[in-house]
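Worksheet: one structure, shown below.
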Amino acid sequence: MTTFHFTKRHTLRHLAGAALLCALASTAAAQAWPAKTISLIVPFPAGGTTDVLARALGQELSKSLGQPVIVENKPGAGSTLGADFVAKAKPDGYTLLMGAVHHTIATSVYRKLAYDFQKDLAPITTVAMVPNVLVVQADAATPIRTVPELIAQAKRAPGKLTFGSNGNGTGQHLIGAQFESMAGVQLLHVPYKGSGPMTTDLLGGQITMSFDTITPVLQHIKGGKLRALAVTTAKRSAALPDVPTLDEAGLKGFDLGTWFGVLAPAGTPKDVVTRLNTEMVKIIQSADFRKKMDDIGADPIGNTPEQMARQIKDDTERFARLVKEAKVVLE
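This is the structure we're talking about:
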(Lines of atoms letter the chains of each structure in order from A and count residues from 1; the text may use other names and numbers.)
(Lines give C-alpha, C1' and ligand atoms only; values in the text may rest on other atoms or scores of the structure.)
Protein backbone atom coordinates (compact mmCIF):
# COMPACT_ATOMS: atom_id res chain seq x y z
CA MET A 1 0.00 0.00 0.00
CA THR A 2 1.34 3.37 -0.93
CA THR A 3 1.46 5.96 1.83
CA PHE A 4 1.27 9.67 1.05
CA HIS A 5 2.94 12.13 3.37
CA PHE A 6 1.85 15.78 3.14
CA THR A 7 3.98 18.41 4.80
CA LYS A 8 2.63 21.79 5.87
CA ARG A 9 4.50 23.31 2.93
CA HIS A 10 2.84 20.95 0.46
CA THR A 11 -0.59 21.67 1.92
CA LEU A 12 -0.12 25.44 1.69
CA ARG A 13 1.17 25.07 -1.87
CA HIS A 14 -1.91 23.12 -2.90
CA LEU A 15 -4.24 25.61 -1.21
CA ALA A 16 -2.50 28.52 -2.91
CA GLY A 17 -2.79 26.77 -6.25
CA ALA A 18 -6.48 26.14 -5.75
CA ALA A 19 -7.06 29.77 -4.80
CA LEU A 20 -5.19 30.91 -7.91
CA LEU A 21 -7.29 28.66 -10.13
CA CYS A 22 -10.49 30.04 -8.58
CA ALA A 23 -9.29 33.60 -9.12
CA LEU A 24 -8.35 32.87 -12.73
CA ALA A 25 -11.71 31.22 -13.33
CA SER A 26 -13.52 34.23 -11.84
CA THR A 27 -11.48 36.64 -13.97
CA ALA A 28 -12.11 34.59 -17.10
CA ALA A 29 -15.84 34.55 -16.38
CA ALA A 30 -15.88 38.31 -15.85
CA GLN A 31 -13.95 38.89 -19.07
CA ALA A 32 -16.44 36.73 -20.97
CA TRP A 33 -19.36 38.69 -19.53
CA PRO A 34 -21.78 39.50 -21.02
CA ALA A 35 -22.33 36.47 -23.20
CA LYS A 36 -26.14 36.47 -23.23
CA THR A 37 -29.27 38.55 -22.60
CA ILE A 38 -29.43 40.62 -19.40
CA SER A 39 -32.73 40.98 -17.53
CA LEU A 40 -33.47 44.32 -15.86
CA ILE A 41 -36.27 43.75 -13.35
CA VAL A 42 -38.75 46.56 -12.69
CA PRO A 43 -40.78 45.94 -9.49
CA PHE A 44 -43.75 47.96 -10.80
CA PRO A 45 -46.10 47.73 -13.82
CA ALA A 46 -45.23 49.35 -17.14
CA GLY A 47 -45.76 53.09 -17.49
CA GLY A 48 -44.39 54.39 -14.20
CA THR A 49 -41.15 56.25 -13.55
CA THR A 50 -39.20 53.10 -12.64
CA ASP A 51 -40.28 51.49 -15.91
CA VAL A 52 -39.55 54.58 -18.02
CA LEU A 53 -36.05 54.94 -16.56
CA ALA A 54 -35.30 51.22 -16.94
CA ARG A 55 -36.27 51.22 -20.61
CA ALA A 56 -34.29 54.39 -21.37
CA LEU A 57 -31.20 52.99 -19.66
CA GLY A 58 -31.65 49.44 -20.97
CA GLN A 59 -31.86 50.60 -24.57
CA GLU A 60 -28.50 52.37 -24.36
CA LEU A 61 -26.91 49.63 -22.24
CA SER A 62 -27.76 47.07 -24.93
CA LYS A 63 -25.72 49.11 -27.40
CA SER A 64 -22.71 49.60 -25.14
CA LEU A 65 -22.53 45.96 -23.97
CA GLY A 66 -23.39 44.36 -27.28
CA GLN A 67 -26.07 42.15 -25.71
CA PRO A 68 -29.84 42.59 -25.36
CA VAL A 69 -31.09 44.14 -22.11
CA ILE A 70 -34.68 43.07 -21.55
CA VAL A 71 -36.91 44.96 -19.11
CA GLU A 72 -39.20 42.64 -17.13
CA ASN A 73 -42.01 43.99 -14.95
CA LYS A 74 -42.56 42.07 -11.70
CA PRO A 75 -44.93 44.25 -9.63
CA GLY A 76 -46.47 43.58 -6.25
CA ALA A 77 -46.15 44.04 -2.49
CA GLY A 78 -44.94 47.62 -2.69
CA SER A 79 -41.96 46.76 -4.96
CA THR A 80 -40.68 43.97 -2.68
CA LEU A 81 -41.59 41.03 -4.95
CA GLY A 82 -39.27 42.21 -7.71
CA ALA A 83 -36.49 42.97 -5.24
CA ASP A 84 -36.84 39.51 -3.67
CA PHE A 85 -36.64 37.90 -7.12
CA VAL A 86 -33.34 39.63 -7.90
CA ALA A 87 -31.92 39.08 -4.41
CA LYS A 88 -32.36 35.32 -4.91
CA ALA A 89 -31.14 35.26 -8.53
CA LYS A 90 -27.79 33.79 -9.56
CA PRO A 91 -25.10 36.46 -8.95
CA ASP A 92 -23.67 36.37 -12.45
CA GLY A 93 -24.55 39.83 -13.78
CA TYR A 94 -27.45 38.67 -15.91
CA THR A 95 -30.27 39.65 -13.54
CA LEU A 96 -30.43 43.26 -12.33
CA LEU A 97 -32.94 45.35 -10.38
CA MET A 98 -34.10 48.87 -11.12
CA GLY A 99 -34.52 49.73 -7.48
CA ALA A 100 -35.75 52.88 -5.81
CA VAL A 101 -36.06 54.67 -2.51
CA HIS A 102 -39.16 52.52 -1.90
CA HIS A 103 -36.92 49.60 -0.96
CA THR A 104 -35.25 51.53 1.86
CA ILE A 105 -38.71 52.29 3.23
CA ALA A 106 -39.99 48.72 2.89
CA THR A 107 -37.21 47.58 5.22
CA SER A 108 -38.98 49.35 8.08
CA VAL A 109 -42.59 49.06 6.91
CA TYR A 110 -42.77 45.29 6.38
CA ARG A 111 -42.27 43.12 9.46
CA LYS A 112 -41.29 40.03 7.47
CA LEU A 113 -39.21 40.57 4.34
CA ALA A 114 -37.64 37.52 2.70
CA TYR A 115 -34.49 39.49 1.86
CA ASP A 116 -32.21 42.14 3.34
CA PHE A 117 -31.95 45.07 0.93
CA GLN A 118 -28.53 46.16 2.18
CA LYS A 119 -27.00 42.68 2.44
CA ASP A 120 -28.58 40.73 -0.41
CA LEU A 121 -28.23 43.30 -3.19
CA ALA A 122 -25.11 45.02 -4.53
CA PRO A 123 -25.45 48.69 -5.59
CA ILE A 124 -24.21 49.62 -9.08
CA THR A 125 -25.26 53.25 -9.57
CA THR A 126 -28.03 55.75 -8.87
CA VAL A 127 -29.63 56.61 -12.21
CA ALA A 128 -31.74 59.64 -11.33
CA MET A 129 -33.51 61.65 -8.66
CA VAL A 130 -37.12 62.57 -9.41
CA PRO A 131 -39.21 65.01 -7.35
CA ASN A 132 -42.67 63.93 -6.27
CA VAL A 133 -45.59 66.23 -6.92
CA LEU A 134 -48.96 66.64 -5.21
CA VAL A 135 -51.59 66.58 -7.95
CA VAL A 136 -55.39 66.71 -8.07
CA GLN A 137 -57.94 66.44 -10.86
CA ALA A 138 -58.10 69.81 -12.64
CA ASP A 139 -61.82 69.67 -13.50
CA ALA A 140 -63.13 68.08 -10.31
CA ALA A 141 -66.64 68.98 -9.16
CA THR A 142 -65.09 70.74 -6.17
CA PRO A 143 -61.79 72.05 -7.56
CA ILE A 144 -58.78 72.37 -5.28
CA ARG A 145 -56.33 75.05 -6.40
CA THR A 146 -53.85 75.39 -3.55
CA VAL A 147 -52.36 73.38 -0.69
CA PRO A 148 -54.14 75.54 1.94
CA GLU A 149 -57.47 74.84 0.18
CA LEU A 150 -56.70 71.11 0.22
CA ILE A 151 -55.83 71.16 3.91
CA ALA A 152 -58.99 73.12 4.72
CA GLN A 153 -61.17 70.60 2.85
CA ALA A 154 -59.43 67.68 4.55
CA LYS A 155 -60.02 69.20 7.99
CA ARG A 156 -63.72 69.69 7.22
CA ALA A 157 -64.09 66.03 6.25
CA PRO A 158 -61.58 63.84 8.14
CA GLY A 159 -60.84 60.55 6.37
CA LYS A 160 -62.93 61.44 3.31
CA LEU A 161 -60.29 62.75 0.89
CA THR A 162 -58.23 59.97 -0.68
CA PHE A 163 -54.63 59.76 -1.86
CA GLY A 164 -53.17 57.06 -4.07
CA SER A 165 -49.73 55.49 -3.92
CA ASN A 166 -47.68 52.89 -5.78
CA GLY A 167 -48.41 50.47 -2.97
CA ASN A 168 -48.10 49.99 0.75
CA GLY A 169 -44.69 50.99 2.02
CA THR A 170 -43.65 52.94 -1.08
CA GLY A 171 -42.31 56.48 -1.24
CA GLN A 172 -45.69 57.91 -2.18
CA HIS A 173 -47.30 56.16 0.79
CA LEU A 174 -44.79 57.62 3.23
CA ILE A 175 -44.96 61.08 1.64
CA GLY A 176 -48.73 60.99 2.06
CA ALA A 177 -48.37 59.92 5.68
CA GLN A 178 -45.85 62.70 6.29
CA PHE A 179 -48.23 65.20 4.67
CA GLU A 180 -51.02 64.05 7.01
CA SER A 181 -48.76 64.45 10.02
CA MET A 182 -47.40 67.88 9.13
CA ALA A 183 -50.73 69.28 7.90
CA GLY A 184 -52.70 67.85 10.81
CA VAL A 185 -55.22 66.07 8.58
CA GLN A 186 -56.58 62.56 8.12
CA LEU A 187 -56.65 61.14 4.58
CA LEU A 188 -57.69 57.73 3.25
CA HIS A 189 -54.77 55.84 1.66
CA VAL A 190 -55.53 53.84 -1.52
CA PRO A 191 -52.59 51.60 -2.59
CA TYR A 192 -52.09 50.58 -6.22
CA LYS A 193 -49.60 48.28 -7.95
CA GLY A 194 -48.07 51.18 -9.87
CA SER A 195 -48.37 54.68 -11.30
CA GLY A 196 -50.33 53.61 -14.39
CA PRO A 197 -53.50 52.35 -12.67
CA MET A 198 -53.24 55.04 -9.99
CA THR A 199 -53.09 57.87 -12.54
CA THR A 200 -56.00 56.36 -14.48
CA ASP A 201 -58.15 56.45 -11.34
CA LEU A 202 -56.99 59.97 -10.48
CA LEU A 203 -57.96 61.21 -13.94
CA GLY A 204 -61.30 59.44 -13.58
CA GLY A 205 -62.02 61.01 -10.20
CA GLN A 206 -61.86 57.76 -8.20
CA ILE A 207 -59.24 59.28 -5.86
CA THR A 208 -58.69 62.88 -4.77
CA MET A 209 -54.93 63.23 -5.10
CA SER A 210 -51.59 61.51 -5.45
CA PHE A 211 -48.00 62.23 -4.48
CA ASP A 212 -46.50 60.51 -7.52
CA THR A 213 -43.17 61.28 -9.14
CA ILE A 214 -43.33 63.93 -11.84
CA THR A 215 -42.63 61.58 -14.77
CA PRO A 216 -45.98 59.76 -15.19
CA VAL A 217 -48.15 62.83 -14.51
CA LEU A 218 -46.19 65.57 -16.30
CA GLN A 219 -48.06 65.19 -19.61
CA HIS A 220 -51.41 65.37 -17.81
CA ILE A 221 -50.34 68.50 -15.92
CA LYS A 222 -49.22 70.20 -19.12
CA GLY A 223 -52.39 68.99 -20.85
CA GLY A 224 -54.57 70.60 -18.19
CA LYS A 225 -56.11 67.37 -16.89
CA LEU A 226 -54.26 67.41 -13.58
CA ARG A 227 -53.35 70.36 -11.39
CA ALA A 228 -49.99 70.40 -9.62
CA LEU A 229 -50.32 71.96 -6.17
CA ALA A 230 -46.75 71.53 -4.92
CA VAL A 231 -43.56 69.50 -5.28
CA THR A 232 -42.34 67.55 -2.27
CA THR A 233 -38.63 68.41 -2.46
CA ALA A 234 -36.88 71.39 -0.86
CA LYS A 235 -36.25 72.97 -4.28
CA ARG A 236 -38.66 73.61 -7.12
CA SER A 237 -38.49 71.30 -10.12
CA ALA A 238 -37.03 72.57 -13.39
CA ALA A 239 -39.83 70.68 -15.14
CA LEU A 240 -42.47 72.65 -13.18
CA PRO A 241 -40.76 75.93 -12.27
CA ASP A 242 -44.01 77.73 -11.41
CA VAL A 243 -45.17 75.08 -8.94
CA PRO A 244 -44.24 75.87 -5.32
CA THR A 245 -42.68 73.44 -2.87
CA LEU A 246 -44.69 72.11 0.07
CA ASP A 247 -42.31 74.09 2.25
CA GLU A 248 -43.31 77.28 0.41
CA ALA A 249 -46.97 76.25 0.69
CA GLY A 250 -46.77 76.23 4.47
CA LEU A 251 -45.41 72.82 5.49
CA LYS A 252 -42.01 74.06 6.64
CA GLY A 253 -39.13 71.61 6.30
CA PHE A 254 -40.98 69.18 4.02
CA ASP A 255 -38.33 67.57 1.79
CA LEU A 256 -38.88 64.10 0.31
CA GLY A 257 -38.06 62.91 -3.21
CA THR A 258 -37.51 59.62 -5.04
CA TRP A 259 -34.24 58.20 -6.36
CA PHE A 260 -33.91 55.27 -8.73
CA GLY A 261 -30.86 53.05 -9.18
CA VAL A 262 -29.59 49.70 -10.42
CA LEU A 263 -28.53 46.82 -8.18
CA ALA A 264 -27.31 43.25 -8.70
CA PRO A 265 -27.55 40.18 -6.47
CA ALA A 266 -24.94 40.21 -3.69
CA GLY A 267 -21.92 38.14 -4.69
CA THR A 268 -21.89 39.35 -8.30
CA PRO A 269 -18.21 39.43 -9.42
CA LYS A 270 -16.60 42.78 -8.67
CA ASP A 271 -15.30 43.05 -12.24
CA VAL A 272 -18.85 42.73 -13.55
CA VAL A 273 -20.18 45.36 -11.13
CA THR A 274 -17.33 47.70 -12.13
CA ARG A 275 -18.04 47.18 -15.84
CA LEU A 276 -21.75 47.81 -15.34
CA ASN A 277 -21.04 50.96 -13.33
CA THR A 278 -18.61 52.28 -15.95
CA GLU A 279 -21.00 51.71 -18.84
CA MET A 280 -24.04 53.06 -17.00
CA VAL A 281 -22.32 56.22 -15.79
CA LYS A 282 -21.17 56.96 -19.36
CA ILE A 283 -24.77 56.64 -20.53
CA ILE A 284 -26.24 58.67 -17.66
CA GLN A 285 -23.77 61.51 -18.18
CA SER A 286 -24.26 61.63 -21.97
CA ALA A 287 -26.04 64.61 -23.52
CA ASP A 288 -28.71 62.41 -25.13
CA PHE A 289 -29.64 60.70 -21.87
CA ARG A 290 -29.68 64.00 -19.98
CA LYS A 291 -32.09 65.38 -22.58
CA LYS A 292 -34.37 62.38 -22.05
CA MET A 293 -34.25 62.96 -18.30
CA ASP A 294 -35.08 66.66 -18.71
CA ASP A 295 -38.13 65.71 -20.76
CA ILE A 296 -39.54 63.57 -17.92
CA GLY A 297 -38.56 65.85 -15.03
CA ALA A 298 -35.70 63.68 -13.74
CA ASP A 299 -32.25 64.76 -12.54
CA PRO A 300 -29.58 62.29 -13.77
CA ILE A 301 -27.02 61.16 -11.16
CA GLY A 302 -24.54 58.40 -12.11
CA ASN A 303 -22.48 57.78 -8.95
CA THR A 304 -20.22 54.98 -7.67
CA PRO A 305 -21.40 51.75 -6.00
CA GLU A 306 -19.92 53.01 -2.73
CA GLN A 307 -21.81 56.31 -2.95
CA MET A 308 -25.06 54.50 -3.71
CA ALA A 309 -24.47 52.13 -0.77
CA ARG A 310 -24.06 55.11 1.58
CA GLN A 311 -27.23 56.65 0.17
CA ILE A 312 -29.15 53.43 0.83
CA LYS A 313 -27.79 53.19 4.38
CA ASP A 314 -28.60 56.84 5.17
CA ASP A 315 -32.11 56.63 3.68
CA THR A 316 -32.87 53.37 5.47
CA GLU A 317 -32.05 55.03 8.79
CA ARG A 318 -33.92 58.25 7.92
CA PHE A 319 -37.08 56.49 6.77
CA ALA A 320 -37.02 54.14 9.75
CA ARG A 321 -37.53 57.22 11.92
CA LEU A 322 -40.30 58.58 9.66
CA VAL A 323 -42.06 55.20 9.53
CA LYS A 324 -42.01 55.02 13.32
CA GLU A 325 -43.39 58.56 13.63
CA ALA A 326 -46.11 57.90 11.05
CA LYS A 327 -46.87 54.45 12.55
CA VAL A 328 -46.87 52.79 9.11
CA VAL A 329 -46.27 49.07 9.70
CA LEU A 330 -47.43 46.13 7.55
CA GLU A 331 -47.16 42.37 7.82
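For the sequence shown, counting from 1, position 46 maps to 62 in the working numbering; every step adds exactly one.
We treat Cβ as the ideally placed atom computed from N, Cα and C, and that holds for glycine.
Check the Cα spacing between M309 and each of A157, W275 and Q83: the tightest is with W275. Judged by DSSP secondary structure, S80 falls outside any beta strand (DSSP E) and instead within the alpha helix (DSSP H) spanning T65 to L81. Beta bridge pairing from DSSP links N148 with T229. Annotation: the continuous alpha helix (DSSP H) that includes V125 extends over H118 to V125. Under the three-state reduction of DSSP output, A244 falls in the strand class. Distance from the Cα of I54 is smallest, within the candidate group L218, G63, T284 and V87, for V87. DSSP links T274 through a beta bridge to V146. In this structure, the beta-carbon distance from P107 to P281 falls below 7 Å. Distance check between L129 and each of T96, G183, F195 and V297 places T96 closest, using alpha-carbon atoms only.
For A170, the three-state secondary structure derived from DSSP is helix. Minimum Cα-Cα distance from K209 among the listed residues A51, D271 and D217 corresponds to D217. Cβ neighbours of F227 within its own chain (closer than 6 Å, five residues either side excluded): N148, L150, Q188, I191 and G192. In the three-state scheme derived from DSSP, where H, G and I count as helix and E and B as strand, N182 is classed as coil. Of the residues assessed, T158 falls on the exposed side of the cut-off, its CB having fewer than 16 other CB atoms within 10 angstroms. Distance from the CA atom of D263 to the CA atom of A314, rounded to whole angstroms, is 20 Å.
In the DSSP assignment, E333 falls within the unbroken alpha helix (DSSP H) covering P321 to A342. Relative to A336, the option among A51, K90, L256 and V117 whose CA is nearest is V117.
Boundaries of the alpha helix (DSSP H) around L218: S211 to L219.
Partner residues in the beta bridge of E88, as assigned by DSSP, are I57. In this structure T294 is exposed. Its beta-carbon is surrounded by fewer than 16 other beta-carbon atoms within 10 angstroms.
Here G115 carries a strand assignment [DSSP, helix/strand/coil]. Judged by DSSP in its simplified three-state form, T224 adopts coil rather than helix or strand. Cβ contact annotation for D100 (same chain, cutoff 8 Å, sequence separation greater than five): L129, A130 and Y131, in chain order. Looking at the DSSP output, T141 bridges to V278.
Nearest to R71 by C-alpha distance, out of G200, E196 and N89, is N89. In the DSSP assignment, L204 falls within the beta strand (DSSP E) that extends over L204 to P207.
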